[in-house]
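A.B. asks: One structure is given below, represented as structure tokens, and several questions about it will come after.
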Amino acid sequence: MDPAEFQEIFGRIEAEIREVIVGHADIIRKVLVAFFAGGHVLLEGAPGLGKTLLVKSLSRALGLSFKRVQFTPDLMPADIIGTQLLMETEGRRDFQFKQGPIFAHLVLADEINRATPKTQSAVLEAMEERQVTAFGVTYRMDSPFMVLATQNPIELEGTYPLPEAQLDRFFFKLLVAHPTPEELMEILHRTTRAGEQDAAEVLAEGAHAVIARMQLLLRQVLIAAPLEEYVVRLVHSTQPDGDRKNGALAEVKDYIRYGSSPRGAQAIILGAKGNALVEGRVHVSYDDIAAVVYPSLRHRLILNFQAEAENVTADQILKAVIDKVPRH
Amino acid sequence: MSAPSGPEECIDALRRRLTLHTLLQSAMMFLAPLFAAWYVLFFLYRFAWLGPDATMTAGAALLVFAAALTAGRFRRRAPSPLLAARLIDQKSAAEERFITLATLGPATATADFLSRLKLEAATFARRINIKRDFPFRIDQSIVSSVIAALIAIILFQVGFELTPASRSVAPSEKLADAGKKLGNDPRFADLAAALRAAATKLDQPSLSEKEKQTIVTDIAEKLDRRIAFEKSQGRGVSLLQEIADDVAQAAEKKDDASMTLPFKIPSLFPIPLPWMKQPGDESGDGKGNSGEGEGTGAQKLEQKSSGGSATGEREGEKKSGVKMKEGQRSEGSEALQRKQESPDNRPDAQTKKGHELKNEGEREGQQTSQEKKGGPEKGEKNHARDGDESKDKRGGGGAKSDEKTPERFGEKVSGDLKEKDLRFVIVQLPDEGGSASGSREAQGKRTAGALPSANVPLAPPDERPAARDKQMLPLEYRGMIR
């Protein structure tokens, strides 16, 4: 596969999803980039903004299996991973492992912050290790595998905020905004008339192989050493203890409790590579990096009490970081 | 320079050009300070604070230092291929294609991607014209450097003007130097020997100031006669004239407390400062009128600071020695002017001029004292009184002259009388007998001691100066004088 083919397939998938989803063009692109980079996405937004529809359309366009799990406080890990059931086969009774909904190419973890931490952590191993261990047996996940989790930023009562370790496992955190009036009008037209639109399959046959080649190609995109150094400086400058020589930025020192982990830098580089390929380039530019800094780092910055008291968001701090960290 | 064909060539060509720019900028950065330092050095050399060897050594050291600084700055700022690639990226909006090419090699990148990147970069490289897109620009640091150098020069100049000169050269050194100069010309071997002998004598600590003054005066007269002789023979006298000027200046005492600058500095101040005195300011045109007692010489600064004891005419007297010979005086002034205009003008000589003018009053007082001892006749008192009145008017009542008013004017005399108090000159008659035709030393002693044989009134200043040789008096006056 060459970059042009990647760009062509990516464009078709993106166009097919946009046939179903009105607006959210940036969200769609970044979800696709994260998918081809092998990451998971946390979608944050109010209910009814099309998050579930996005994931469903993605799975249809890619021709992949899709499972949806509604996270509730009484949801148990076995409900996600699976459990052993006593089965009778040819007159013999024995336990067989019944796979849970995690065993799918695309998993939608809806309102993930409503489940208990115990249940939330059940998906940790699956997300990072691409395997599940149940009753002493390890089961490999099918490839490609992607978890798209959603959470509602409004209804926080009775919720369990995701722990830092789990947040860090999400490649991107995307903020789903409300549609503009024009987009809302288009949504109304599509959903209140006769007939239902659904995304068509772009990769009907041999989807897994094509996706695997595309994921491999993405990692071959060239990136210059000065750009990698810039990413390192960016991620390092989110640490409140900062660089010993220059000291941390004032915004970081004042509002951040913990900065980004190395996974943040990995996400930036891979996301920038995906962005470059989508733009038809075989090398990463500073613009590619700038395009993915926010979704890569915003959930990896742990704000302190002062930031919450002053309603300072991670995006505001990241803006200061991007402005103040030199590119050269 | 041919247009670079590929992206790598483009990067390399730009790197070479930037290297040249950096070298030029580094050199220009230190050029202005170097010139400023050289200016100061030349200034110090020209006004004799530094000798030629020291000047050359210091100049060369400054050059080496500036070169070292230039090299150091260049090494720190030498452009890398990465910088060149970044600049091309920015100029051609190549989205980091060149910087990626400059940092990635075949070992670290997929061959397909690399070849594709080269192709894309070559397209952008064709848009670049290195000469047009990357012209040489004067760095802000260069401008700052030039401004700083100019400020330094101005501060130096101002500081120099505000600082009193302190260096002077002893008369014996001047005579010895003059002897060396003249010794190069066999025609003046005798004069050279006389100069050297006089220099040796001047170094003797046992000699009094008067005797030293006499020696120098004697030498000056000898030089004047020789100049006149050479002129009559139609030979060149430039060297002699120059040495005569030096010796005439050496005849004057130095006043270390004086604030007189030893040389002419083009003043930056629009208003003359009261403590500053320029040699050029002292070259009055000598319009002092003894009858009216008015002095119009251009030495207002001097009058302000020293109580106004000298006029332009008096300066002329001092320049030409103790004896008031008008011819010598005018020639002395011309020589002084030539000296100031000559490129070889050195401050020590000019210091002497300034100082001799400054000390005029004291020397006149000494000579007046001598004349007093010799018993000036009453008939001369009128002239003396006239002169004294004019002096009082000119000097605006200087402290010294007020205290030492001669007794013959009906006032009480306290302290030593000075030459200016008498207003007459000593005239050496051509036939004063065997003793007068003896050695110059004898004449000098007589002149400095109690030998005045005749006193004649000063000629009005508007009269043409008499011949610079000894004044020939009519025969009928001789008896009267004797």
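Those protein sequence lines, which keep their order, are chains R and C. Each position in the first sequence, counted from 1, maps to that position plus 2 in the numbering used here. Each position in the second sequence, counted from 1, maps to that position plus 1 in the numbering used here. Ideal placement from N, C-alpha and C gives every residue a C-beta, glycine not left out.
#1: Rounded to the nearest angstrom, what separates I291/R and L186/R at their Cα positions?
#2: Rounded to a whole number of angstroms, what is the C-alpha to C-alpha distance between E97/C and V286/R?
#3: Once the 5 residues before and after A201/R are set aside, which same chain residues still bring their CB inside 7 Å of it?
#4: Can you tell me the Cα-Cα spacing of L320/R and F307/R, whole angstroms?
#5: Count the CB pairs spanning the stretch 66-73 of chain C and the stretch 30-40 of chain C that are closer than 8 Å, and state whether there are at least three.
#6: Take R215/R and list the residues in its own chain whose beta-carbon comes closer than 8 Å to its own, dropping the five residues that flank it on each side.
#7: Can you have a look at D90/C and say buried or exposed, based on whether 16 or more other CB atoms are within 10 angstroms of its CB?
#8: With a threshold of 8 Å between beta-carbons, can L83/C be considered close to chain R, or not?
#9: DSSP beta-bridge partners for L305/R?
#10: For the stretch 117-152 of chain R, which segments carrying the beta strand (DSSP E) assignment without a break, of at least 3 residues, lie completely within its bounds, in sequence order?
#11: If the cut is a Cβ gap below 7 Å, which residues of chain R does T111/C touch?
#12: Using only CA atoms, which one of G282/R, P242/R, L150/R lies nearest to L219/R?
#13: Starting from the Cα of H238/R, find the closest Cα among L150/R, P328/R, D81/R and give me that residue.
#14: To which residues does DSSP link G359/R through a beta bridge?
#15: Comparing the C-beta of V284/R with each C-beta of chain C, is any distance below 8 Å?
#16: Any beta-carbon of chain C closer than 8 Å to the one on I324/R?
#17: Quick one: which chain R residues come within Cβ less than 7 Å of R98/C?
#18: Under three-state DSSP, which class holds A226/R?
#19: Should R128/C be flagged as near chain R, meaning a C-beta pair shorter than 8 Å?
#20: Which residues does DSSP list as the beta-bridge partners of V284/R?
#21: In terms of residues, what are the limits of the beta strand (DSSP E) holding V71/R?
#22: Does the beta carbon of H107/R come closer than 8 Å to any beta carbon on chain C?
#23: Identify the contact partners of L229/R in chain C, using a Cβ-Cβ distance below 7 Å as the criterion.
#24: Any beta carbon from chain R within less than 8 Å of F75/C's own beta carbon?
#25: Please list the terminal residues of the continuous alpha helix (DSSP H) segment that includes A150/C.
#26: Under 6 Å Cβ to Cβ from Q444/C, same chain only, skipping five residues before and after it: list those, please.
#27: Decide if A316/R is buried, meaning its Cβ has at least 16 other Cβ atoms within 10 Å, or exposed.
#28: Taking Cβ positions, are K125/C and V284/R nearer each other than 8 Å?
#29: L110/R lies in the beta strand (DSSP E); which residues open and close that run?
#30: At least one CB of chain R closer than 8 Å to the CB of L105/C: is that the case?
#31: Is T193/R helix, strand or coil by DSSP?
#32: Check the Cβ of K226/R against every Cβ in chain C and list those closer than 7 Å, keeping chain order.
#33: Residues of chain R with a CB under 9 Å from the CB of L118/C: which are they?
#34: Under a three-way DSSP split, which group does T91/R fall into?
#35: Would you mind giving the Cβ-Cβ distance between I143/C and Q26/C, rounded to the nearest angstrom? I have them listed as a contact below 8 Å.
#36: Could you tell me whether the stretch 205-214 of chain C touches the stretch 231-246 of chain C, using the rule of 3 or more Cβ pairs below 8 Å?
C.D. replies: Straight from the coordinates:
#1: Here the question's residue 291/R lines up with position 289 in the first sequence. Here the question's residue 186/R lines up with position 184 in the first sequence. So the alpha carbons of these two residues sit roughly 31 Å apart.
#2: Here residue 97/C refers to the residue found at position 96 when the second sequence is read from its first residue. Here residue 286/R refers to the residue found at position 284 when the first sequence is read from its first residue. The straight-line gap from Cα to Cα measures roughly 7 Å.
#3: The residue labelled residue 201/R in the question sits at position 199 within the first sequence. Hits under 7 Å: E18, I19, E21, V22, S59, R62, A63.
#4: Against the first sequence, residue 320/R aligns to sequence position 318. Against the first sequence, residue 307/R aligns to sequence position 305. Rounded to whole angstroms, L320/R to F307/R spans 17 Å at the Cα level.
#5: yes
#6: In the first sequence, counting from the first residue as 1, residue 215/R sits at position 213. Cβ within range, chain order: M3.
#7: Position 89 of the second sequence, counting from 1, holds the residue named residue 90/C. D90/C is buried by the Cβ-count criterion.
#8: The residue labelled residue 83/C in the question sits at position 82 within the second sequence. For L83/C, the answer is yes, since a Cβ of chain R falls inside 8 Å of its Cβ.
#9: In the first sequence, the residue the question calls residue 305/R occupies position 303. DSSP lists I258/R as partners of L305/R.
#10: 133-136, 139-142
#11: Taking the first residue of the second sequence as position 1, residue 111/C is located at position 110. Here the neighbours are Q222.
#12: On the first sequence, residue 219/R is found 217 positions in, with the first residue counted as 1. Looking at the Cα atoms, G282/R is the closest of the given residues.
#13: On the first sequence, position 236 is the one that residue 238/R refers to. With distances taken between Cα atoms, H238/R lies closest to P328/R.
#14: With chain R covering 3 to 330 only, the question about residue 359/R has no answer from this structure.
#15: Residue 284/R sits at position 282 when you count from the first residue of the first sequence. Interface residue, yes.
#16: To locate residue 324/R, count along the first sequence from 1; it is residue 322. Cβ-Cβ to chain C under 8 Å: no for I324/R.
#17: Position 97 of the second sequence, counted from the start, is the residue given in the question as residue 98/C. H285, listed in chain order.
#18: Here residue 226/R refers to the residue found at position 224 when the first sequence is read from its first residue. Three-state DSSP puts A226/R in coil, outside helix and strand.
#19: Counted from its first residue, the second sequence places residue 128/C at position 127. No, R128/C lies away from the interface with chain R (no Cβ there is under 8 Å from its Cβ).
#20: Position 282 of the first sequence, counted from the first residue, corresponds to residue 284/R. Its beta-bridge partners do not exist; DSSP assigns none.
#21: On the first sequence, residue 71/R is found 69 positions in, with the first residue counted as 1. 68-72 is the extent of the beta strand (DSSP E) around V71/R.
#22: Working through the first sequence from its first residue, we reach residue 107/R at position 105. Not an interface residue.
#23: Here residue 229/R refers to the residue found at position 227 when the first sequence is read from its first residue. By Cβ distance, chain C contributes E97.
#24: Walking along the second sequence from the start, residue 75/C turns up at place 74. Taking Cβ atoms only, chain R never reaches closer than 8 Å to F75/C, which makes this a no.
#25: Residue 150/C sits at position 149 when you count from the first residue of the second sequence. That run of the alpha helix (DSSP H) goes 141-163.
#26: Stepping through the second sequence from its first residue, residue 444/C is reached at position 443. Bear in mind that the predicted position of Q444/C carries a pLDDT of just 49, short of 50, making it unreliable; the figure below should be weighed with that in mind. Nothing meets the Cβ criterion.
#27: Stepping through the first sequence from its first residue, residue 316/R is reached at position 314. Under this definition A316/R is a buried residue.
#28: For the purposes of this step, residue 125/C is taken as the residue at position 124 of the second sequence. For the purposes of this step, residue 284/R is taken as the residue at position 282 of the first sequence. A small fix is needed here, since residue 125/C is Phe in this sequence, not Lys. Not a contact, by the Cβ cut-off of 8 Å.
#29: As a position in the first sequence, residue 110/R is number 108, starting the count at 1. First-last of the beta strand (DSSP E) with L110/R: 108-112.
#30: As a first step, residue 105/C must be located in the second sequence, where it is residue number 104. For L105/C, the answer is yes, since a Cβ of chain R falls inside 8 Å of its Cβ.
#31: On the first sequence, residue 193/R is found 191 positions in, with the first residue counted as 1. Here T193/R sits in helix by DSSP.
#32: Here residue 226/R refers to the residue found at position 224 of the first sequence. First, the amino acid is wrong: residue 226/R is Ala here, not Lys. Within chain C, the residues near A226/R are E97, I100, T101, T104, L105.
#33: Sequence index remark: in the second sequence, residue 118/C carries index 117 (1-based). L224, R283, V284, H285, listed in chain order.
#34: Position 89 of the first sequence holds residue 91/R. T91/R falls in the strand class under three-state DSSP.
#35: Numbered from 1 along the second sequence, position 142 holds the residue referred to as residue 143/C. Numbered from 1 along the second sequence, position 25 holds the residue referred to as residue 26/C. Indeed, because the Cβ distance is near 6 Å, the residues count as touching under 8 Å.
#36: no
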